[in-house]
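**Student:** For the protein sequence lines, the chains are A and B, in the order given. Take the first sequence: its letter number 44 is residue 44 in the numbering used here, and every next letter is one higher. Take the second sequence: its letter number 124 is residue 124 in the numbering used here, and every next letter is one higher. Beta carbons: idealized from backbone N, C-alpha and C, even for Gly. Shown below is the structure under consideration.
There are 2 protein chains.
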Amino acid sequence: MYPNQLENLIFALQRLPGVGAKTAERYAFTILDWDAEKRKDLIASLNGIDQIQHCEICGNLSSGKICSICENHNRNQNIICVVSYPKDIVAIENMQSYEGVYHVLNGLINTSKGILPDMLNINALLKRINEETEEVILAVDPTIEGETTALYLEKLLQGHVKVSKLAHGIPVGGHLDYADARTLAKAFEGRSSNEK
Amino acid sequence: MYPNQLENLIFALQRLPGVGAKTAERYAFTILDWDAEKRKDLIASLNGIDQIQHCEICGNLSSGKICSICENHNRNQNIICVVSYPKDIVAIENMQSYEGVYHVLNGLINTSKGILPDMLNINALLKRINEETEEVILAVDPTIEGETTALYLEKLLQGHVKVSKLAHGIPVGGHLDYADARTLAKAFEGRSSNEK
Numbered sequence: 001m002y003p004n005q006l007e008n009l010i011f012a013l014q015r016l017p018g019v020g021a022k023t024a025e026r027y028a029f030t031i032l033d034w035d036a037e038k039r040k041d042l043i044a045s046l047n048g049i050d051q052i053q054h055c056e057i058c059g060n061l062s063s064g065k066i067c068s069i070c071e072n073h074n075r076n077q078n079i080i081c082v083v084s085y086p087k088d089i090v091a092i093e094n095m096q097s098y099e100g101v102y103h104v105l106n107g108l109i110n111t112s113k114g115i116l117p118d119m120l121n122i123n124a125l126l127k128r129i130n131e132e133t134e135e136v137i138l139a140v141d142p143t144i145e146g147e148t149t150a151l152y153l154e155k156l157l158q159g160h161v162k163v164s165k166l167a168h169g170i171p172v173g174g175h176l177d178y179a180d181a182r183t184l185a186k187a188f189e190g191r192s193s194n195e196k
Numbered sequence: 001m002y003p004n005q006l007e008n009l010i011f012a013l014q015r016l017p018g019v020g021a022k023t024a025e026r027y028a029f030t031i032l033d034w035d036a037e038k039r040k041d042l043i044a045s046l047n048g049i050d051q052i053q054h055c056e057i058c059g060n061l062s063s064g065k066i067c068s069i070c071e072n073h074n075r076n077q078n079i080i081c082v083v084s085y086p087k088d089i090v091a092i093e094n095m096q097s098y099e100g101v102y103h104v105l106n107g108l109i110n111t112s113k114g115i116l117p118d119m120l121n122i123n124a125l126l127k128r129i130n131e132e133t134e135e136v137i138l139a140v141d142p143t144i145e146g147e148t149t150a151l152y153l154e155k156l157l158q159g160h161v162k163v164s165k166l167a168h169g170i171p172v173g174g175h176l177d178y179a180d181a182r183t184l185a186k187a188f189e190g191r192s193s194n195e196k
């Protein structure tokens with residue numbers, strides 16, 4: 001119905017997550033209305049993606065061989081926070097209080113999908129840990145895959161380094177009655193007391 | 001936080017309609033995970049957009065100077081359906097029963113936004129209408145802008161050619177109690193009777 005070129009664009013845009021025919025059409029018409037400058041921007045940024053690589057130390061996304069966090073000597077290189085994906089780093093950095101470095105697994109153990117430990121960025125983690133390493137913080141999602149991965153890493157690192165996990169509980173600003181039973185149980189388990 | 005190249009892509013994707021920071025990030029990560037082939041497809045289709053032009057006869061989007069509908073001699077070139085945007089043609093073609101041709105205004109009169117009749121593709125419409133033209137069907141949205149445009153065209157074409165408008169009423173498969181008062185009023189106005 002539409003000119004071939006437009007159909008091609010609509011088809012290519014439908015590969016984005018959650019984008020169906022109608023949304024892709026809407027995006028395509030918007031792009032069609034853009035001036036040449038905006039279109040060039042998008043094309044240039046798509047081409048730029050090719051230059052992104054994984055940091056050789058921590059596995060985070062990086063413009064160069066070493067990412068900006070690993071390169072930053074103001075950060076405590078002896079505290080390593082293990083996350084599953086680069087996105088998680090952004091969430092933790094937004095706290096503006098963590099001063100250690102990261103290690104990105106780029107996945108989680110998922111035996112049903114055939115994702116085994118040796119497919120994750122774990123060997124590089126073992127190589128990084130030395131006598132100076134103070135702590136490894138496991139900051140993986142509290143899902144089945146996340147817990148499996150955390151358990152695996154805990155066993156692997158046991159006796160070599162101090163390993164800690166993030167606290168579970170009720171989100172700040174959340175409501176008790178909206179919390180699911182497991183979250184509530186974790187919140188009770190991890191309760192803190194003002195001992196007399 | 002992310003490598004520059006990724007930030008640039010997230011920024012460029014946020015220009016799409018209804019796409020905020022989170023969605024753009026999700027799109028960007030998906031694109032990052034794509035193999036080179038898929039990324040090339042998207043870039044090629046974005047480049048292809050430059051070749052799309054407006055049909056010299058009807059104003060529809062077209063790969064060449066004349067669109068595929070105007071070029072099709074099996075269609076009745078003497079019945080012209082006036083629509084506001086190329087998208088509307090797709091909706092009408094999906095009926096698979098209209099055999100005339102189209103004329104795309106590429107907009108609707110909107111005085112508050114400064115869109116005046118001379119900014120629309122109206123002159124080309126007047127040039128197309130000749131003694132052989134049987135009917136001009138105004139198929140514009142039943143919005144204020146649409147009705148204003150329809151009224152303007154009706155007056156302009158009065159005495160030159162037969163002008164008709166689409167019927168208003170309750171959508172097929174719709175429910176009476178969900179119809180708004182104006183639609184219902186139009187449905188009553190346009191009721192058909194089986195005269196005895």
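1) Along the region 79 to 90 of chain A, what residues have a CB closer than 9 Å to any CB found in chain B?
2) Would you mind stating whether A:Tyr2 and B:Leu42 have Cβ atoms separated by less than 8 Å?
3) Where do the N-terminal and C-terminal ends of the beta strand (DSSP E) with B:Lys165 fall, by residue?
4) Relative to chain A, which residues along the region 89 to 107 of chain B have a C-beta separation below 8 Å, given in chain order?
5) Cα-Cα, which of B:Glu132, B:Asn121, B:Ala185 is closest to B:Glu56?
6) Would you please verify whether the beta carbon of B:Ala21 is less than 8 Å from any beta carbon of chain A?
7) Relative to the ligand GDP, is the shortest distance from any of its heavy atoms to the C-beta of A:Ala36 smaller than 7 Å?
8) Which chain A residues are close to B:Lys38, counting only those with a beta carbon under 9 Å from its beta carbon?
9) For A:Asn8, report the span of its alpha helix (DSSP H) as first-last.
10) Could you tell me the alpha carbon to alpha carbon distance between A:Trp34 and B:Thr148, rounded to whole angstroms?
11) Evaluate the contact criterion for the region 96 to 111 of chain A versus the region 136 to 151 of chain A: three or more CB pairs, one atom per stretch, below 8 Å.
12) Tell me, please, which residues DSSP counts as bridged to A:Ser245.
13) Between B:Tyr152 and the rest of its own chain, which residues show a CB-CB distance below 7 Å, the 5 nearest in sequence each way excluded?
14) What residues in its chain sit with their C-beta under 8 Å from that of A:Gly169, if we drop five residues either side in the sequence?
15) Can you pull out the residues from the region 26 to 37 of chain A whose beta carbon lies closer than 9 Å to at least one beta carbon of chain B?
16) Taking a Cβ distance cut-off of 7 Å, strictly less, list which residues of the region 63 to 77 of chain B are near chain A, in chain order.
17) Which residues, taken in chain order from the region 166 to 179 of chain B, show a beta carbon closer than 9 Å to some beta carbon of chain A?
18) Select from A:Ala12, A:Gly159, A:Lys22 the residue whose C-alpha is nearest the C-alpha of B:Gly48.
19) Helix, strand or coil for A:Tyr102? Go by DSSP, reduced to three states.
20) Could you compute how far the alpha carbon of A:Glu93 sits from the alpha carbon of A:Ile79?
21) Going along the chain, which residues of its own chain have a beta-carbon closer than 8 Å to the beta-carbon of B:Ser164, five neighbours each way excluded?
22) Given B:His160, which residues of its chain have a CB within under 8 Å of its CB, disregarding the five upstream and five downstream residues?
23) So, for B:Ser68: in the same chain, excluding its five sequence neighbours on each side, which residues have a beta-carbon less than 8 Å away from its beta-carbon?
24) Is there a C-beta anywhere in chain B that falls below 8 Å from the one on A:Gly59?
**Tutor:** If we stick to the structure as given:
1) Tyr85, Pro86, Lys87, Ile89, Val90
2) no
3) 163 to 165
4) So the list reads Ile89, Val90, Glu93, given in the order they occur along the chain.
5) B:Asn121
6) no
7) Ligands are entirely absent from the displayed structure, and the ligand GDP is therefore not among its contents.
8) Ala12, Arg15
9) 4 to 13
10) Between A:Trp34 and B:Thr148, the C-alpha separation is close to 27 Å.
11) Below 8 Å, enough C-beta pairs join the region 96 to 111 of chain A and the region 136 to 151 of chain A to call them touching: three or more.
12) With chain A covering 1 to 196 only, the question about residue 245 of chain A has no answer from this structure.
13) Ile109, Pro117
14) Thr183, Lys186, Ala187, Gly190
15) Arg26, Tyr27, Ala28, Phe29, Thr30, Ile31, Leu32, Trp34, Ala36
16) The region 63 to 77 of chain B vs chain A, Cβ under 7 Å: Ser63.
17) Correct list: empty, as no residue qualifies.
18) A:Ala12
19) strand
20) 14 Å
21) Glu135, Val136, Ile137, Leu138
22) Ile129
23) Ser62
24) no
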